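Numbering (my numbering), first residue to last: 3 to 76.
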């Protein structure tokens with residue numbers, strides 16, 4: 003998007019979940035953090051459906067097949 007940067011982090015250590023963040027490009031402020039089911043394994047992309055914008059990315063790991071997860075943007 004024009005105002006947000008999206009970034010994911012790996013596990014962050016034992017017992018920590020992978021995290022997906024939305025960061026304000028202007029201020030650097032984290033505006034959202036979402037726990038991912040597994041590590042990000044592909045680049046995030048956005049799309050619009052019926053007037054609503056979404057961000058999606060593939061996650062995988064732990065011997066599981068890749069899965070596509072999508073989140074709606076406000």
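Backbone N, C-alpha and C define an ideal beta-carbon position, used for all residues, glycine too.
Source: prediction; values computed, not measured.
For the pair residue 22 and residue 36, the CB atoms are nearer than the 8 Å cut-off. Just so you know, the alpha carbons of residue 67 and residue 39 end up roughly 12 Å apart. Inter-residue distance for residue 5 and residue 43 is about 24 Å (C-alpha atoms, whole angstroms). For residue 9, the closest of 59, 49 and 64 by C-alpha to C-alpha distance is 59. Around residue 73, the same chain offers 36, 56 and 57 as residues with beta carbons nearer than 7 Å, after the five sequence neighbours per side are excluded.
Rounded to the nearest whole angstrom, the C-alpha separation of residue 7 and residue 69 is 22 Å.
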